[in-house]
Structures are given as C-alpha cells and as structure tokens.
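Asker: Protein chains in written order, with the numbering used here: chain D, 10 to 384; chain A, 10 to 384.
For every residue, glycine included, the Cβ atom is placed at its ideal position computed from N, Cα and C.
Keep in mind it's a predicted model, so treat the numbers as computed, not measured.
Number of protein chains: 2
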Amino acid sequence: MPDGNSVGCVVPQRFCHDAPMALKGGGRLPSFELVFETYGSLNAARSNAVLVCHALSGSHHVAGFHADTPDSEGWWDNLVGPGKPLDTEKFFVVGVNNLGGCYGSTGPLSPNPETGKRYGADFPLLTVEDWVLAQSRLADHLGIDTWAAVIGGSLGGMQAIEWSLKFPERIRHVIAIASAPKLSAQNIAFNEVARQAILSDPEFHGGHYAERGVVPARGLRLARMIGHITYLSDDQMNEKFGRQLRGGGLGFSYGIDFEIESYLRYQGDKFAAFFDANTYLLTTKALDYFDPALDHGGDLATALAAARASFLVVSFTTDWRFSPARSREIVFALMQNRRRVAYAEIDCDAGHDSFLLDDARYHAALRAYLEKIKP
Amino acid sequence: MPDGNSVGCVVPQRFCHDAPMALKGGGRLPSFELVFETYGSLNAARSNAVLVCHALSGSHHVAGFHADTPDSEGWWDNLVGPGKPLDTEKFFVVGVNNLGGCYGSTGPLSPNPETGKRYGADFPLLTVEDWVLAQSRLADHLGIDTWAAVIGGSLGGMQAIEWSLKFPERIRHVIAIASAPKLSAQNIAFNEVARQAILSDPEFHGGHYAERGVVPARGLRLARMIGHITYLSDDQMNEKFGRQLRGGGLGFSYGIDFEIESYLRYQGDKFAAFFDANTYLLTTKALDYFDPALDHGGDLATALAAARASFLVVSFTTDWRFSPARSREIVFALMQNRRRVAYAEIDCDAGHDSFLLDDARYHAALRAYLEKIKP
Chain D
10 MPDGNSVGCV VPQRFCHDAP MALKGGGRLP SFELVFETYG SLNAARSNAV
60 LVCHALSGSH HVAGFHADTP DSEGWWDNLV GPGKPLDTEK FFVVGVNNLG
110 GCYGSTGPLS PNPETGKRYG ADFPLLTVED WVLAQSRLAD HLGIDTWAAV
160 IGGSLGGMQA IEWSLKFPER IRHVIAIASA PKLSAQNIAF NEVARQAILS
210 DPEFHGGHYA ERGVVPARGL RLARMIGHIT YLSDDQMNEK FGRQLRGGGL
260 GFSYGIDFEI ESYLRYQGDK FAAFFDANTY LLTTKALDYF DPALDHGGDL
310 ATALAAARAS FLVVSFTTDW RFSPARSREI VFALMQNRRR VAYAEIDCDA
360 GHDSFLLDDA RYHAALRAYL EKIKP
Chain A
10 MPDGNSVGCV VPQRFCHDAP MALKGGGRLP SFELVFETYG SLNAARSNAV
60 LVCHALSGSH HVAGFHADTP DSEGWWDNLV GPGKPLDTEK FFVVGVNNLG
110 GCYGSTGPLS PNPETGKRYG ADFPLLTVED WVLAQSRLAD HLGIDTWAAV
160 IGGSLGGMQA IEWSLKFPER IRHVIAIASA PKLSAQNIAF NEVARQAILS
210 DPEFHGGHYA ERGVVPARGL RLARMIGHIT YLSDDQMNEK FGRQLRGGGL
260 GFSYGIDFEI ESYLRYQGDK FAAFFDANTY LLTTKALDYF DPALDHGGDL
310 ATALAAARAS FLVVSFTTDW RFSPARSREI VFALMQNRRR VAYAEIDCDA
360 GHDSFLLDDA RYHAALRAYL EKIKP
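Have a look at this one:
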C-alpha cells in the first residue's frame, strides 16, 4: 500500500502515433503506441514537465499504484510524489514505457499492422536515439515543448543524455544517475551471455515463440540471474547473503545450498514469468549500441558540445557495472565544454541498484538539485 | 611445438586404486583411477617431488607435449621444465587429473563398476578434501611420503592449502596462487548461474546425457562464457577488445557486432566440444563448498593452525574473481599462527587468468621461492 505522500491511484494512458517513424537501424515502424502515466499537473506555461526514462526492465509505472492491484507500487515511488525529491506538487512528471517494451507500448508482442501477426523477431532493433525520438512525439502530443528535466538511472540516464544531444533546445536539465557514456567490453560481454542464453533456448524459435504460445523461460531466467549479479555490489552480496546456507548443511546435490542461489533462482523465475524475451534482447542491444562519441572520432567532449542543458550526474561508489569512473567521464567531457554540471558520488553499498533505493544522501542530492529548477 | 627447454614428449600414466574410498559427502567410490604425468626424476631420498594441482578446466597434462599431437602443450608449460621456475632438473613434478574429471581419471563419464553403465549424474559430488585424499593415494603409490611442495592456481591453490591441513606432515611448502580461503557470495552466484545453464539445458537429461549420446552443449557454452568474463580483468578486456567491431558497422541483428562477442562465443563453443558437463557441475560445487574455517567457527586462523608447511601466496592486482584481499586473508591467518609465509601481489593486468601467464615479475617470484626449497 502507498505511503502518505504517494501520488495515489494512477491510470495508464495511451498515445497513438498514426504515422510511420524511421529508425536509426534503417527500418521503420508504420505506426506505434506508447503507454504512459503522468503525476502532478502541467502548469499554464507548460514549463514544469519532467520525463522519467526507465532502465532495462522498468516501465511507465513510475509512481503510485493501480486500482486493481493496491500493492503495485511504481518502481521509483520512493522518489516521485508530493513532497518527495521529485515533487509532484511542483512538477508534472511523465513516465513512459519505451518503444519495443513489453508493458503496453508497441513492441515485439504487438500485432504488426502490415501482417496482422505479432511482430516477434520481426520487430526492428532500436537505439537510445529511437527511444528519444518516440518520446519527443509523446512530448509533442502532450504539448510539452521543453522538459524542465529528463531523469533516468542506468539506461535511463543514457536516454536523458541523448535528449540533450538530439533535442538540445527541448531540455533544460539532464539528471543521469548510475549511467555511462558507453558500455565497456565487460558490460557488452555480460549482455552477450544473457542474449545467448535466450537465443539458444530451444523455446525461442527464432524469436517467434509467442506465435506458438511458448516462452523461452530458461533463457530469460538465466539472463536475469546474470543481470542480478551485476546489479549488486560484491560487498552487499556478502553482507546480505554471504555463505549463509538455506538448510542445515551442505546438500551434496544440485539443489539449493546457499541463500544466494535461492535469491538468484527466485529473481530469475519471477522475471521469466512476465518479461518478454525479444524486448530483453533488443534492450540489451540498445545499451551496447549507445555511444554518442562514435560519430565524433570517439571524443566524448566533442559529442557533448551539442548539449545546452545543465547536468546533474550521480554515481555510486560500489557500482561496478557503471562505476563512478564512467560518470566522471561524462562530467569531464561537459566541463571541457564549459557546461553547467553538478556531480555527486554517493557512498552507498548497494551497487548499481542503488539508483532505485532511497539512500538518504542520494535523495538529498536529488532533492537539492530539483529544488533549484525553476518550474 | 615446444620451446628449447620443454620437458619434451610426455606419456600419461594411470594409477588404479582398487579399494573403496569414502567421500566427505557420505558416498563412496568402490574403486577409482587417476591419470597423471611426471616430469623430471624422483631423487633417491624421494624428497624432491612437487604436486601440481589444476583448476576448473585443467588436467594432468601440465607440461611438454603428447607424441600424437605436437601442439598439445601442457597448460603450465611456461612454468614447468628444465631451467624454468619449477625446474624439472631439480624437482620431480607430478600433474594429476582430479577425481571426477573428464581427462581420463574416474569421473561421470566412467563406467560405474556396480552397474556397468556410465556414472553420469550418479557420480558423487566431491570436495577439495576428497581430491586431496585421492592425490594422497597416488603419492603413496609413487612412494612419495612428503611433497617438497604442492602448487596450484585458483582452485588448484585451494588443494595446495588443503594438503597442508589434511596431511600437515606430508607437505613442506604450499604455493597458492590467485586463490581464496573460500568463495564469496558473488563467486558462488557466478557458479550457480553456470550450473543452472547446464542443468536447464534440455539435453542434460538429469545428467544422463552420455547414455543417450548427446551433450548439453548450450549450457556448457554459456557456463564457459560466464566463466571467461570473470577470468579477465575489466581493464584487459577493454584493452584487448574494447568496443572494436567485428565488421564495418553495427549489424542491427543478433549476429556478432563486437569482437568481445566473437571471443566469448568462440571460447564457449570450443569448451562445449570437449568438456564434460557433469564434471563442470561437480567442480563448481567443490569450489563453493571449500571453506576450511567452517569447522572452526568461521575463524581461518584457527583452521590454518594445523598447517606445518611454509607458504608462498601470490595474487594479482586486477584479479576480481579472487582479489588480492582474499589472498591477504590467507596470509594474515598464517601470520596469526606464526607460520612462515611469503606473499607476492603482482601488478599484472590480465585478471584471474594471470596465474597461467608468464608475467616476468610473477615468474621471478615463483623462481626465487622455488630455488630456496631444498630438494
């Protein structure tokens, strides 16, 4: 159940884009829909809108709860609400499920209007730029010419950065949390193993599993287990699970010996029961492909020269997926361009997942920055 | 082809243990065989023998080459040979394939003498202590009462440590490289995902795949890909592969975009073609279970009080699988017991796999230590 300062019961809305949109990979979508939610009120000047971009497995449901499921708290409910750091009494907050998603926006599970069948593996691969382009059409639809801020963690932070490059005049503040200017070889490697787990699942059927009424649950489960290892810090994992045994002693079988095994299996099973495998695949590719410096000879400072926004960059000391060093690259590149940039490196033990938690210093940093933004 | 100071052409030998051996997990093997190789000559006093213990995917074939395959260099050939740090002109070096292995020692692919069929999943789970016990029977067979040294990297280092605890009077020196006194939650987590990849492969058939003439290659491939990520350092991966593309540009498909993807797939495919899945499973469990402090209230110093040997502990700065901090735990616990211990922390960028490489400072440290051991 929501706490006292929840945005309360929220209702997802739909935006239908009934015209084709060209994609970076060369394909095009004949039309698309985005599911989104809004919290707070758009002011008369239409100047207080904040877009929240989600990461790999997030959705449009950022805050509040849905009437039919009172425990369906939004994934960033601790941050977004009346009186919370992203204050819905001041800001009009928009959460959107990205294109290619599996929470209601047009994606691999949607019918392809050109064939009448589900897209499945025929859904085109997308990039962070494509997501931002689709989000800009939603902004047009909502009458939002300029975002007060675009905020996101991890892959969401990449979208916030991309907004400042693709639409520099339409965004006043970028808040990029636990993010990176591009993936490292190790980041790509983890994504690739997760993809191979899905692609090699016999139930994947070349991506057309939905047509057959099956899901590549084994692959999705493994992908999520791998992901979870990289979301947590080594320290936190030791603190939370250590070598704690599930039962009284070692089992000398391949059942569960250690609590960490139980945790990973549970997370994997839960995820495989609801997430779409094609969405997982294309989202990891969007992560791999994100590299704004690529068209600028690999020079991030040159790439970020296009940005006009002010930035808040936040990282977490124990995040080894996107370490503070990766955030500092963004900060230094912005400083080389003499852009306004604030940077907070938060000493939090929860690894990459810290961006989802309500660590006091982290939320204080966000609150302080957001309070200074003129609505 | 071997270099000038290779031990040359070597021939594997077999040791048949025709009596039952009780295992820590409660099971027993009615009999077993170990395949091993030796390099150099055992001196008259039988005091110059060094046992080399292998890690997850290693074997008895430590040095030299096999006559039928001249490029079959042993996995530690850079270390073992005449004039090399582990000098076969001074030492009698023994390499052994562990019990449960898939290179010729009795393991899941062997026939179960009680049924006549392959053991498969009925092969008992083993511990590092079981391996050491089996190795001690080989030592008896070879007439080696006391090892001048037992040496190993990673899981091999754990065996070397275990020797000093189980048979304190039979070992003069322990050389534990890139090792740890027990796995962390994150270490176990990676092993668990690898196991789940194998166990959930439809071709696993509850571990009785060999009876059906199939192999769970998909699972083994994923397990190896995950492993490889943890063997390399983030830095080295960036240096070696970075975001280098395989072709001219991004493919917008699930084919290979980045070199790191190609590397991992190649390593996974190669491994799945020869390694046994049940051996992989039981070896990761032996890793997870290793924890000499467990029976001593979790206190490593108390556990290591039994040791009488001198120790050389070596770690590598960029090893994030078994970081230097894990080696220092061993060193401190030995110091608390006033044991003789030398420690080398090598600044090498190759991560966990450094122990297999011939980094100059690393080999110099090993050479210096080994030169001081009286044969």
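#1: Which class does D:L164 belong to by DSSP, given the choice of helix, strand or coil?
#2: Say whether chain A places a C-beta atom closer than 9 angstroms to the C-beta of D:Q195.
#3: Give me the subset of the region 236–260 of chain D whose CB atoms are less than 7 angstroms from a CB atom of chain A, sorted by chain position.
#4: Under 9 angstroms between the Cβ atoms of A:A351 and A:I170?
#5: Using DSSP bridges, identify the partner residues of D:V59.
#6: When you compare each of D:F101, D:L38, D:A189 to D:Q168 by their alpha carbons, which one comes out closest?
#7: List the residues that DSSP assigns as beta-bridge partners of A:P185.
#8: So which residues of chain D does A:R204 contact, with C-beta pairs closer than 8 angstroms?
#9: Check this for me: beta carbons of A:S324 and A:H182, under 9 angstroms apart or not?
#10: With 16 as the cutoff for other CB atoms within 10 Å, does A:V20 come out buried or exposed?
#11: Report yes or no: is there a C-beta of chain D within less than 9 angstroms of the C-beta of A:L290?
#12: For a cutoff of 9 angstroms on Cβ pairs, would you count A:A198 as touching chain D?
#13: Give me the DSSP bridge partner(s) of A:E390.
#14: Establish whether the CB of D:D210 and some CB of chain A are separated by less than 9 angstroms.
#15: So, is D:S262 buried or exposed, given that buried needs 16 or more other C-beta atoms within 10 angstroms?
#16: So which of A:R335, A:A185, A:A314 has the shortest CA-CA distance to A:H305?
#17: Taking buried to mean at least 16 other C-beta atoms within 10 Å of its own C-beta, is A:E123 buried or exposed?
#18: Using a C-beta cutoff of 9 angstroms, does A:D285 count as contacting chain D?
#19: To the nearest whole angstrom, what separates the beta carbons of A:S163 and A:H361, a pair I think is in contact under 8 angstroms?
#20: Can you tell me which of the three DSSP states A:H217 falls into?
#21: Counting only runs that start and end within the region 13–89 of chain D, where is the beta strand (DSSP E) found for 3 or more residues in a row?
#22: With respect to the beta strand (DSSP E) encompassing D:V202, which residues constitute its N-terminal and C-terminal limits?
#23: So, is D:L296 buried or exposed, given that buried needs 16 or more other C-beta atoms within 10 angstroms?
#24: If you run the structure through DSSP and keep just helix, strand and coil, what is D:Y128?
#25: Buried or exposed, going by whether 16 or more other CB atoms sit within 10 Å of the CB of D:K126?
#26: Taking all protein chains shown into account, decide if A:P39 is buried (16 or more other Cβ within 10 angstroms of its Cβ) or exposed.
#27: Run through DSSP, which three-state label would D:I180 get?
#28: For a contact defined as C-beta to C-beta under 8 angstroms, what are the partners of D:L3 on chain A?
#29: Grab the span of the alpha helix (DSSP H) containing D:A373 for me, first residue to last.
#30: Just checking: is the beta-carbon of A:F267 within a distance shorter than 9 angstroms of some beta-carbon in chain D?
#31: When the Cα atoms are used, what is the spatial distance from A:A76 to A:T97?
#32: Between D:Y275 and chain A, is the shortest Cβ-Cβ distance under 9 angstroms, so that the two count as touching?
#33: How far does the beta strand (DSSP E) with D:I355 in it reach, from first residue to last?
#34: Give me the residue from A:P301, A:R230, A:Y272 with the minimum Cα distance to A:F283.
#35: Given that a residue counts as buried once 16 or more other Cβ atoms are within 10 Å of its Cβ, and exposed if not, what is D:E138?
#36: Once you ignore the five residues that flank A:A156 on each side, which residues in its own chain have a CB closer than 6 angstroms to its CB?
Answerer: Reading it off the structure:
#1: Residue state, collapsed to three classes: helix.
#2: Yes - at least one Cβ of chain A is within 9 angstroms of the one on D:Q195.
#3: Within the region 236–260 of chain D, the residues whose Cβ lies closer than 7 angstroms to any Cβ of chain A are, in chain order, I238, D243, M246, N247, F250, G251, R252, L259.
#4: In terms of Cβ geometry, A:A351 and A:I170 do not form a close pair [threshold 9 angstroms].
#5: Partner(s): D:V102, D:A158.
#6: Nearest option by C-alpha distance: D:A189.
#7: Note that residue 185 of chain A corresponds to Ala in the displayed sequence, not to Pro. BP columns for A:A185 point to A:G161, A:V322.
#8: Residues of chain D passing the Cβ test: Y263.
#9: At a Cβ-Cβ threshold of 9 angstroms, A:S324 and A:H182 do not count as neighbours.
#10: Flag for A:V20 reads exposed.
#11: Chain D contact via Cβ: present.
#12: Yes, its Cβ sits closer than 9 angstroms to a Cβ of chain D.
#13: This structure gives no information on residue 390 of chain A, because the portion of chain A shown stretches from 10 to 384.
#14: Output row for D:D210: interface = yes.
#15: Answer is exposed; the Cβ neighbour count stays below 16.
#16: Looking at the Cα atoms, A:A314 is the closest of the given residues.
#17: Exposed, by the Cβ-count rule.
#18: It does not; no Cβ of chain D falls within 9 angstroms.
#19: Here A:S163 really is in contact with A:H361; their C-beta atoms are around 7 angstroms apart, less than 8 angstroms.
#20: It is coil, neither helix nor strand.
#21: You should have 22–26, 41–48, 58–62.
#22: Here D:V202 belongs to no beta strand (DSSP E); instead the alpha helix (DSSP H) covers 194–208.
#23: Under a 10 Å Cβ-count criterion, D:L296 is classified as buried, with 16 or more other Cβ atoms of the shown protein chains found around its own Cβ.
#24: DSSP, reduced to helix, strand and coil, places D:Y128 outside both helices and strands of the structure shown, so it counts as coil.
#25: The residue is exposed, with fewer than 16 neighbouring Cβ atoms inside 10 Å.
#26: With a 10 Å radius around the Cβ and a threshold of 16 neighbouring Cβ atoms, A:P39 comes out exposed.
#27: The answer is strand: DSSP assigns D:I180 an E or B state.
#28: Not covered by the structure: residue 3 of chain D. The range shown for chain D is 10 to 384.
#29: Residues 369–380.
#30: Yes, because at least one Cβ of chain D sits closer than 9 angstroms to the Cβ of A:F267.
#31: Each residue's alpha carbon lies about 19 angstroms from the other.
#32: At a cut-off of 9 angstroms, the C-beta of D:Y275 has no neighbouring C-beta in chain A.
#33: Start and end: 350–355.
#34: A:F283 has its Cα closest to that of A:R230, out of A:P301, A:R230, A:Y272.
#35: It counts as buried.
#36: Checking the sequence shown, residue 156 of chain A turns out to be Trp, not Ala. Correct list, in chain order: A58, L60, I180.
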